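Data first, discussion second: the structure below is written as structure tokens.
Protein chains: 2
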Amino acid sequence: MDIAQLSNQLNQTLYTLRYGDNPAELYEPIRYIMALGGKRIRPLLVLLSAKMYDEDVENVLLPAAAVEVFHNFTLMHDDIMDKAPLRRGQQTVHEKWNANTAILSGDVMLVRAYEMLLGIAPDKLGKVLTLFSKTAAEVCEGQQLDMNFEQREQVSIQEYIHMITLKTAVLVGFSLELGAILQGAPDSDAEHLKQFGDNVGIAFQLRDDLLDVYGDKDKFGKQVGGDILSDKKTFLMLTALEQASPEQLQTILDWRDNTAAGITEEKVQAVTAIYDQLHIRQQTEQQIDFYFQEALRHLEAVQVPDERKSTLRSLALQLMERDS
Amino acid sequence: MDIAQLSNQLNQTLYTLRYGDNPAELYEPIRYIMALGGKRIRPLLVLLSAKMYDEDVENVLLPAAAVEVFHNFTLMHDDIMDKAPLRRGQQTVHEKWNANTAILSGDVMLVRAYEMLLGIAPDKLGKVLTLFSKTAAEVCEGQQLDMNFEQREQVSIQEYIHMITLKTAVLVGFSLELGAILQGAPDSDAEHLKQFGDNVGIAFQLRDDLLDVYGDKDKFGKQVGGDILSDKKTFLMLTALEQASPEQLQTILDWRDNTAAGITEEKVQAVTAIYDQLHIRQQTEQQIDFYFQEALRHLEAVQVPDERKSTLRSLALQLMERDS
Chain R
1 MDIAQLSNQL NQTLYTLRYG DNPAELYEPI RYIMALGGKR IRPLLVLLSA KMYDEDVENV
61 LLPAAAVEVF HNFTLMHDDI MDKAPLRRGQ QTVHEKWNAN TAILSGDVML VRAYEMLLGI
121 APDKLGKVLT LFSKTAAEVC EGQQLDMNFE QREQVSIQEY IHMITLKTAV LVGFSLELGA
181 ILQGAPDSDA EHLKQFGDNV GIAFQLRDDL LDVYGDKDKF GKQVGGDILS DKKTFLMLTA
241 LEQASPEQLQ TILDWRDNTA AGITEEKVQA VTAIYDQLHI RQQTEQQIDF YFQEALRHLE
301 AVQVPDERKS TLRSLALQLM ERDS
Chain X
325 MDIAQLSNQL NQTLYTLRYG DNPAELYEPI RYIMALGGKR IRPLLVLLSA KMYDEDVENV
385 LLPAAAVEVF HNFTLMHDDI MDKAPLRRGQ QTVHEKWNAN TAILSGDVML VRAYEMLLGI
445 APDKLGKVLT LFSKTAAEVC EGQQLDMNFE QREQVSIQEY IHMITLKTAV LVGFSLELGA
505 ILQGAPDSDA EHLKQFGDNV GIAFQLRDDL LDVYGDKDKF GKQVGGDILS DKKTFLMLTA
565 LEQASPEQLQ TILDWRDNTA AGITEEKVQA VTAIYDQLHI RQQTEQQIDF YFQEALRHLE
625 AVQVPDERKS TLRSLALQLM ERDS
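Residue numbers (the working numbering), protein chains in the order written: chain R, 1 to 324; chain X, 325 to 648.
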């Protein structure tokens with residue numbers, strides 16, 4: 001099974017999608033954000049999951065694309081809420097146009113995502129839409145929790161994992177479940193693939209947190225230490241806050257909310273130094289590995305010959321070991 | 325057929341809806357906006373349409389409520405875009421909480437509206453969701469056109485009618501179509517009911533435009549002349565702009581964008597005087613009647629005994645003749 005080839009097929013599908021034309025102000029931002037690219041991980045996972053049950057994934061292409069459209073809808077709205085100026089190195093929609101346009105274009109994207117699922121066979125449609133809707137609401141809950149956490153003094157590691165599970169992981173899990181359901185996989189397989197995806201999704205987000213601090217400057221697309229500079233409560237920060245000595249805690253708190261000009265490098269270095277002292281990097285890698293092993297355990301339980309799992313396994317591994 | 329009784333059943337359904345609990349910041353605004361009330365016209369139309377084919381509308385209650393949830397989702401997002409401080413005399417969600425909350429709670433409402441339709445019989449589900457999605461996208465297109473028109477110098481009457489058709493009328497049309505489809509009405513009946521609704525929806529919006537200027541101060545919930553004060557391009561204003569003499573046109577343009585303090589009463593009176601000179605009230609009433617007659621023509625064509633159409637006919641008439 002060739003990922004590059006599958007990726008091609010997927011991009012072809014995404015490229016030929018028609019969202020609408022009039023009024024242009026509503027539909028141009030959709031084409032814009034969809035053209036920004038990205039790894040297209042979620043739809044690829046839909047296809048890889050489907051391929052385990054049927055080589056012919058023609059019927060899965062549009063539902064896979066629907067997941068990518070939904071994902072980009074969440075990005076468009078999240079970027080407004082987070083006041084993010086850039087997305088994949090380009091202006092965000094609310095910056096290039098305005099917030100109203102980003103709200104309304106996002107709304108239409110959510111509707112289009114649903115529409116793209118309506119070609120699913122009638123005997124599976126209700127089930128898929130029920131799971132998709134549940135997932136969509138959970139992603140919104142995750143975003144709300146993320147915003148809540150910014151306003152809170154204390155957030156536990158457990159709360160953080162719950163938040164990223166909703167905000168990031170459940171859509172990865174749904175992607176795998178979707179591919180399986182569409183190809184008539186047994187319920188237990190679909191459920192294990194969902195769990196595989198949820199765990200990969202959590203590990204993926206923890207890897208993201210890690211790369212922000214310990215990523216390769218040249219390969220990582222964003223500023224290294226961006227999370228530290230914006231006082232983001234990442235897994236690394238929350239772990240450090242839990243384990244810091246009184247002196248280390250004081251240092252972190254002194255730097256927190258210090259956004260004076262010119263302190264950039266110094267702040268990142270100071271907080272990273274404490275992370276190093278507390279072995280936060282190693283602890284985060286352990287957590288990533290924990291969720292990755294959980295994921296593999298569920299993949300093991302899927303009732304298809306092992307050779308059919310290899311592409312999914314190696315893609316998951318790539319996502320864990322990525323340095324950008 | 326008793327509208328009050330049907331309305332009771334509907335309110336009971338709306339009252340028992342559960343949107344979710346955690347995080348509270350996400351779900352509290354949904355309960356808030358749904359509790360603000362309103363005429364509940366759209367779900368009532370779903371039920372009345374359904375009743376023409378089957379006295380038992382138990383299976384239609386939840387889909388009818390879905391339309392009301394969808395409608396309130398559009399209100400929540402429109403209010404952000406329009407920077408509206410009040411909705412039904414109460415603070416709008418983005419005022420009471422903030423814009424981010426209104427964006428995200430609205431998103432979940434759209435998802436919940438879809439979920440509430442998933443109990444529809446599998447043989448009808450795909451069709452209903454296709455029509456619902458088409459309608460939802462059209463409503464967004466209408467809102468975008470409405471915003472575009474604010475920025476434009478010239479808008480034709482035809483463009484205006486197209487905009488209100490999308491923004492307001494198609495959801496009324498869908499409501500009637502939905503009730504018919506759910507009770508197994510013939511396709512041609514469903515289509516005529518859709519057309520009936522679209523035309524009632526246009527007439528309803530024109531009535532709204534009219535009431536803003538010529539409504540009874542005591543009964544109309546908003547400030548009389550609000551549209552004039554905010555330079556809104558309503559049917560009345562666009563008709564006046566088309567028919568004004570050079571002098572009248574100059575007067576209107578002089579007042580336009582004049583938002584100096586204390587001119588409120590004077591501006592409303594001056595513009596209304598020109599409306600009076602041009603018989604805008606009568607012309608608007610003629611247009612309302614035109615669309616109402618179109619609506620009735622489609623209701624005539626529906627293949628059920630005439631006595632079953634009476635409640636729908638009299639409700640539509642009430643909506644046309646309402647003074648608030």
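Cβ atoms here follow ideal geometry from the backbone N, Cα and C, with glycine treated the same way. Since this is a predicted model, take the numbers as computed values, not measurements.
Nearest by alpha-carbon distance to residue i: which of the options is it?
i        : options                                : result
R/Leu182 : R/Glu55, R/Pro85, R/Lys39, R/Gln9      : R/Glu55
R/Leu110 : R/Ala65, R/Asn98, R/Asp254, R/Ala316   : R/Ala65
X/Ala594 : X/Ala585, X/Ser480, X/Arg580           : X/Arg580
X/Thr563 : X/Glu571, X/His603, X/Glu618, X/Ala504 : X/His603
R/Glu141 : R/Lys167, R/Asn100, R/Gln151           : R/Lys167
R/Asp82  : R/Asp146, R/Thr135, R/Asn72, R/Ile41   : R/Asp146
R/Glu247 : R/Val224, R/Val170, R/Gln277, R/Ala99  : R/Gln277
R/Arg308 : R/Ala50, R/Ser7, R/Leu14, R/Arg40      : R/Ala50
X/Leu573 : X/Ala597, X/Pro353, X/Ile365           : X/Ala597
X/Glu382 : X/Thr398, X/Ile427, X/Gln336, X/Pro353 : X/Gln336
R/Leu45  : R/Leu229, R/Gly262, R/Asp198           : R/Asp198
X/Lys556 : X/His516, X/Gln475, X/Phe456, X/Leu495 : X/Gln475
X/Arg637 : X/Leu560, X/Leu500, X/Ser554           : X/Leu500
R/Arg112 : R/Tyr291, R/Tyr275, R/Leu14            : R/Leu14
X/Arg531 : X/Leu334, X/Arg605, X/Asp326, X/Leu623 : X/Arg605
X/Asp431 : R/Glu115, R/Ala136, R/Gly119           : R/Ala136
R/Ile33  : R/Arg88, R/Met52, R/Arg322             : R/Arg88
R/Leu317 : R/Leu253, R/Pro305, R/Tyr291           : R/Tyr291
R/Gln287 : R/Thr311, R/Ile252, R/Asp323, R/Leu236 : R/Leu236
R/Gly38  : R/Ala180, R/Ala24, R/Val69             : R/Val69
X/Gly450 : R/Leu131, R/Lys134, R/Met116           : R/Met116
With a CB to CB cut of under 7 Å and the five nearest residues on each side skipped, what residues in its chain are close to residue i?
i        : result
X/Thr416 : Asp403, Ala408, Pro409, Leu410
R/Gln90  : Leu36
R/Gln283 : Thr239
R/Glu294 : Asn199
X/Thr270 : Coverage of chain X is limited to positions 325 through 648, which leaves residue 270 of chain X absent and any answer about it impossible.
Output the boundary residues of the alpha helix (DSSP H) element that contains residue i.
i        : result
R/Val46  : 41-51
X/Ala426 : 423-440
X/Leu495 : 494-506
X/Tyr343 : Careful: X/Tyr343 lies outside any alpha helix (DSSP H) and carries neither H nor E.
R/Asn199 : 187-214
R/His298 : 280-301
R/Gln250 : 246-255
R/Thr272 : 264-277
R/Arg313 : 310-321
X/Asp447 : 446-475
R/Val67  : 61-81
R/Thr239 : 235-243
Counting only C-beta atoms, is residue i closer than 7 Å to chain X at any point?
i        : result
R/Glu138 : no
R/Gly126 : yes
R/Tyr114 : yes
R/Leu171 : no
R/Pro122 : yes
R/Ser133 : yes
R/Thr130 : yes
Can you check whether the C-beta of residue i is within less than 7 Å of a C-beta belonging to chain R?
i        : result
X/Glu349 : yes
X/Leu506 : no
X/Thr588 : no
X/Leu442 : yes
Once you ignore the five residues that flank residue i on each side, which residues in its own chain have a CB closer than 6 Å to its CB?
i        : result
R/Leu319 : Phe204
X/Ser480 : none
X/Asp551 : Asp536, Thr558
X/His395 : Arg366
R/Ala301 : His192
Which same chain residues end up closer than 8 Å to residue i when comparing Cβ atoms and leaving out the 5 residues on each side of it in sequence?
i        : result
X/Pro649 : Past the boundaries of the shown model lies residue 649 of chain X; chain X is included only from 325 to 648, so the question cannot be answered.
R/Glu285 : Leu210
R/Val67  : Arg42, Pro43, Val46, Ala113, Leu171, Phe174, Ser175, Leu178
R/His162 : Leu145
Cβ-based contacts, 7 Å cut-off: residues of the stretch 77-110 of chain R near chain X = His77, Ile80, Met81, Asn100, Ile103, Leu104, Asp107, Val108, Leu110
Contact set between the stretch 140-164 of chain R and chain X, restricted to residues whose Cβ is under 9 Å from the partner = Within the stretch 140-164 of chain R, the residues whose Cβ lies closer than 9 Å to any Cβ of chain X are, in chain order, Cys140, Glu141, Gln143, Gln144, Leu145, Met147, Asn148.
Could you name the residues of the stretch 330-348 of chain X whose beta carbon sits closer than 8 Å to any beta carbon of chain R, in the order they occur along the chain?
-> Gly344, Asn346, Pro347
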